[in-house]
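Take a look at the structure below.
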Amino acid sequence: MNATNPTAPILVTISGRRVRRYLIPATASVLIALLGFALLDWISFEYAYIATYTILQYVVLATAWNILGGYAGYVNFGVAGFFALGVYTSVFNYKTLQLPLPVVIIIAGFIAGVVGLGMGYLTLRLRGVFFSIATLAFAIVLNTVFNNWHFVGGARGVSVLRPDAPEFFGTYPRYLFGVMFALAIAAVLIARAVEYSWLGRGLASIRDDEVAAECSGIPALRLKLIAATISGGLIGMAGAPFPFFITYVDPASAFNLTIAVNTVAMPVIGGLTSWIGPVIGAILLGALQQITTVTISSALSLMLVGVLLVTFVALAPRGIIGVVKSLRGPAA
Amino acid sequence: MSEDLTAQAPILRATQVTKSFGGFTAVDGVDFTLGQRERVGLIGPNGSGKSTFVNSLTGVIRIDHGSIEFNGTDITKLPSWRRARLGIARSFQIPRPFKNQTVIENIEIPLMFAVGHHNPDQIEAKAEAILAQIGLSGRRNDSPKNLTQVDLRKLELGRALAAEPRVLIADESMAGLSDPEVDEILEVLFKLSADGISIVLIEHIMRAVVRFSQRIVVLVAGKKIADGEPREVMSHPEVERAYLGQ
Chain A
739 MNATNPTAPI LVTISGRRVR RYLIPATASV LIALLGFALL DWISFEYAYI ATYTILQYVV
799 LATAWNILGG YAGYVNFGVA GFFALGVYTS VFNYKTLQLP LPVVIIIAGF IAGVVGLGMG
859 YLTLRLRGVF FSIATLAFAI VLNTVFNNWH FVGGARGVSV LRPDAPEFFG TYPRYLFGVM
919 FALAIAAVLI ARAVEYSWLG RGLASIRDDE VAAECSGIPA LRLKLIAATI SGGLIGMAGA
979 PFPFFITYVD PASAFNLTIA VNTVAMPVIG GLTSWIGPVI GAILLGALQQ ITTVTISSAL
1039 SLMLVGVLLV TFVALAPRGI IGVVKSLRGP AA
Chain B
1425 MSEDLTAQAP ILRATQVTKS FGGFTAVDGV DFTLGQRERV GLIGPNGSGK STFVNSLTGV
1485 IRIDHGSIEF NGTDITKLPS WRRARLGIAR SFQIPRPFKN QTVIENIEIP LMFAVGHHNP
1545 DQIEAKAEAI LAQIGLSGRR NDSPKNLTQV DLRKLELGRA LAAEPRVLIA DESMAGLSDP
1605 EVDEILEVLF KLSADGISIV LIEHIMRAVV RFSQRIVVLV AGKKIADGEP REVMSHPEVE
1665 RAYLGQ
């Protein structure tokens, strides 16, 4: 019997794995999205959409950053550069073709992804702090470029008028919320798929020991380049709706320090080695920041990030996920 | 015996390999061959260039001069991951496990990347077989952080073995182990040799090297000073003077 169909049990197992890894999270994500819409519709005041948009934006950014920074252990300080690429792709489109936002997001992802590949090719042979400094330099170079590119506003900036929102959403903040929700789900599903794939296993090995990984047959540079492309692309996609969110773009807002710091801090606080860490970090820290901004001040919200970051790096370097795992014991 | 083995086309041949770091020449024009299924011991005092030579063979560092051939193909410029895929595996002097992965996950990595298996069930089954072969089945789901020194050494060998190598370079696999633990590692290496893997053993424990090797190569100050059968090499006056301090 076995000889007639020897692959049958394997196919069943693989299909079981796929259901567990992809179908269940995808279904859960759609349900969460629907629930989110229903909840916000019930709350029905505009600021809830704006606050949630910001938190979801951080979910995308933190998740995307973690693909290279967390999975592979290559700390990218050039987040602001990739985000700005998305922002200015959108501004350029606004001043020229005026393509619909979803199309611009895809183009921004493509551009930022290609730039991520190029930056990775130039910098990913460096390790540790040298790589991080190189990525910071990359962001500074882009900042200089956009400061001097007058067509997209240069140093003075440019105002962006929101077009009409699609009828289904009613207002533009609701539309932006919907777009960012979809992006967040896509980013988390991609990060999760990467983590459980051969790519994720390879990146985790590189993070643990790159020389041993290469001697085990892992093409480290190639895998890091794939990670840099995916990470850069997703960060760029998160930047594309931003001009319509703030309606005035200048280099100070596109290369915002708060966004850059948060994007690195959230995965560190949530936990770097798993897809869920950045999500937890972004939701927790993003929500705390929104509450602090509204109730006390925006300056204090950034200080809160700093304090939490120092606390976690010093006391719980494996983040919230690490703390939970150690509380659950070795069997977890 | 060793003459017969090297008389065949060697599986690994290094010619005039030279590597310098700044003004210091760590490996200086070393010629080396490894026959099919041969067991070669590579010895030398600390700082003699053994690890640099091994790093050169495995592609961890680029050599300045010379060439390296594997099975007749020039691999001098190939990166280490390509050499691993061709069939050159190594263990490290200081164990370098993937510390955030379990023991079995460590073994699975070369099966996925060096050998190219894709089926998760097949990978798991093969990894379990390797764990049984090296005597680590009971530590399957442990973190390498919880392994003893001898188990870490075994894990290093297991990971190298998982790459399904034709050549295994064991870099001081027995350093710091007790006599019974040395025997355990030797037993594993003899098994691998019996399976047809050519092995280079870099070691300071002379008892183990002499027992294991069919041929011994001696490096001193980056140069090869002797190459031959164990008894012959160990009684070589230059080896006694330079290596044994007599």
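Respectively, the protein sequence lines represent chains A and B.
Counting in the numbering used here, the first sequence runs from 739 upward without gaps.
Counting in the numbering used here, the second sequence runs from 1425 upward without gaps.
Quick reminder that beta carbons are idealized off the backbone N, C-alpha and C, glycines included.
Computed from a predicted model, the values in this text were never measured in an experiment.
Check whether residue i and residue j have beta carbons under 8 Å apart
| i | j | result |
| --- | --- | --- |
| B/Val1641 | B/Phe1494 | no |
| B/Glu1605 | B/Val1574 | yes |
| A/Ser1012 | A/Ile968 | no |
| B/Arg1463 | B/Leu1625 | yes |
| B/Leu1579 | B/Asn1543 | no |
| A/Val842 | A/Ser828 | yes |
| B/Ile1485 | A/Arg939 | no |
| A/Asn881 | A/Gly892 | no |
| B/Glu1662 | B/Ala1650 | yes |
| B/Ala1538 | B/Arg1577 | no |
| B/Ile1554 | B/Gly1582 | yes |
| A/Pro981 | A/Glu784 | no |
| A/Ile805 | A/Ala965 | yes |
| B/Ser1622 | B/Val1591 | yes |
| A/Ala810 | A/Ile1014 | no |
| B/Ile1487 | B/Thr1497 | no |
Proximal chain B residues relative to residue i, where beta-carbon distance stays under 7 Å
| i | result |
| --- | --- |
| A/Gly940 | Phe1537 |
| A/Trp936 | Met1536 |
| A/Thr1011 | Asn1524 |
Beta-carbon separation (whole angstroms), residue i vs residue j, contact threshold 8 Å
| i | j | result |
| --- | --- | --- |
| B/Gln1517 | B/Ser1475 | 6 Å |
| B/Gly1620 | B/Ala1450 | Not a contact, Cβ separation roughly 32 Å. |
| A/Gly1024 | A/Thr792 | 6 Å |
| A/Val896 | A/Val987 | 6 Å |
| B/Ala1632 | B/Met1598 | 6 Å |
| A/Leu1010 | A/Gly854 | Contact doesn't hold; Cβ gap of about 19 Å is too wide. |
| B/Gly1453 | B/Gln1440 | 5 Å |
| A/Ala978 | A/Val797 | That pair is no contact at about 16 Å. |
| A/Gly1057 | A/Val1002 | Actually they are not in contact, since the Cβ atoms of A/Gly1057 and A/Val1002 sit about 12 Å apart, beyond 8 Å. |
| B/Ala1438 | B/Leu1481 | 6 Å |
| A/Ala931 | A/Tyr760 | 7 Å |
| A/Leu1047 | A/Ala922 | About 22 Å separates the two Cβ atoms, so there is no contact after all. |
Cβ neighbour criterion (16 or more within 10 Å) applied to residue i
| i | result |
| --- | --- |
| A/Val1051 | exposed |
| A/Leu1065 | exposed |
| A/Tyr787 | buried |
| A/Leu773 | exposed |
| A/Trp780 | exposed |
| A/Val750 | Only weak support exists for where A/Val750 lies, its pLDDT of 43 falling under 50; the coordinates are left without a value. |
| A/Ala1069 | In this predicted model, A/Ala1069 has a pLDDT of only 47, less than 50, meaning its place in the structure is not dependable; the value taken from the coordinates is given anyway. Exposed is the call here. |
| B/Leu1535 | buried |
| A/Met857 | buried |
| B/Asn1671 | Chain B is shown from 1425 up to 1670; residue 1671 of chain B falls before or after that span and cannot be answered. |
| B/Val1644 | buried |
| A/Thr861 | buried |
| B/Gly1447 | exposed |
| A/Ala846 | buried |
| B/Thr1430 | Caution is warranted here: a pLDDT of 49 is assigned to B/Thr1430, below 50, making its placement in the model unreliable, and no coordinate value can be reported. |
| A/Phe868 | exposed |
| B/Glu1656 | exposed |
| B/His1541 | buried |
| A/Met739 | The predicted position of A/Met739 is uncertain, since its pLDDT is 36 and thus under 50; no value can be drawn from it. |
| A/Lys833 | exposed |
| B/Leu1613 | buried |
Chain-ordered neighbours of residue i on chain A, where CB pairs are closer than 8 Å
| i | result |
| --- | --- |
| B/Thr1482 | Cys953 |
| B/Phe1522 | Ala942, Ser943, Asp946, Asp947, Ala950 and Ala951 |
| B/Arg1577 | In chain order: nothing, as chain A lies at least about 14 Å away. |
Within chain B, partners of residue i - CB distance below 9 Å
| i | result |
| --- | --- |
| A/Val841 | Within 9 Å Cβ-Cβ: nothing; A/Val841 doesn't reach chain B, min ~35 Å. |
| A/Ile956 | Trp1505, Ala1508, Ile1533, Pro1534, Met1536, Phe1537 and Ala1538 |
Cross-chain neighbours of residue i in chain B, by beta carbon under 8 Å
| i | result |
| --- | --- |
| A/Val1062 | Result: empty, since nearest Cβ-Cβ is about 16 Å, beyond 8 Å. |
Chain A residues whose Cβ lies nearer than 9 Å to that of residue i
| i | result |
| --- | --- |
| B/Ala1587 | Cys953, Ser954 and Gly955 |
| B/Phe1735 | No statement about residue 1735 of chain B is possible, as the shown extent of chain B runs from 1425 to 1670 and does not include it. |
Amino acids of chain A, ordered along the chain, whose beta-carbon sits closer than 7 Å to that of residue i
| i | result |
| --- | --- |
| B/Phe1445 | Result: empty, since nearest Cβ-Cβ is about 17 Å, beyond 7 Å. |
| B/Arg1477 | At residue 1477 of chain B the sequence reads Phe, which differs from the Arg that was named. Neighbours of B/Phe1477 on chain A: none; closest Cβ ~15 Å, over 7 Å. |
| B/Arg1514 | Cys953 |
| B/Arg1583 | Ser954 |
inquiry  = Counting beta carbon pairs with one atom in the stretch 866-879 of chain A and one in the stretch 814-823 of chain A, are three or more of them shorter than 8 Å?
reply    = yes
message = Could you check whether the stretch 1014-1029 of chain A touches the stretch 800-807 of chain A, counting it as contact only if at least three pairs of C-beta atoms, one from each stretch, sit closer than 8 Å?
response = yes
query = Any contact of the stretch 893-913 of chain A with the stretch 993-1001 of chain A, i.e. 3+ C-beta pairs under 8 Å?
reply = no
inquiry  = Does the stretch 915-933 of chain A come into contact with the stretch 1466-1486 of chain B, if we say contact requires no fewer than three beta-carbon pairs (one atom in each stretch) closer than 8 Å?
reply    = no
query = Just checking, does the stretch 976-993 of chain A make contact with the stretch 1023-1037 of chain A on the three C-beta pairs under 8 Å criterion?
reply = no
inquiry  = I want to know whether the stretch 962-980 of chain A touches the stretch 1513-1533 of chain B - three or more CB-CB distances under 8 Å.
reply    = no
key: the stretch 944-958 of chain A / the stretch 1508-1516 of chain B touching (three or more Cβ pairs under 8 Å)   = yes
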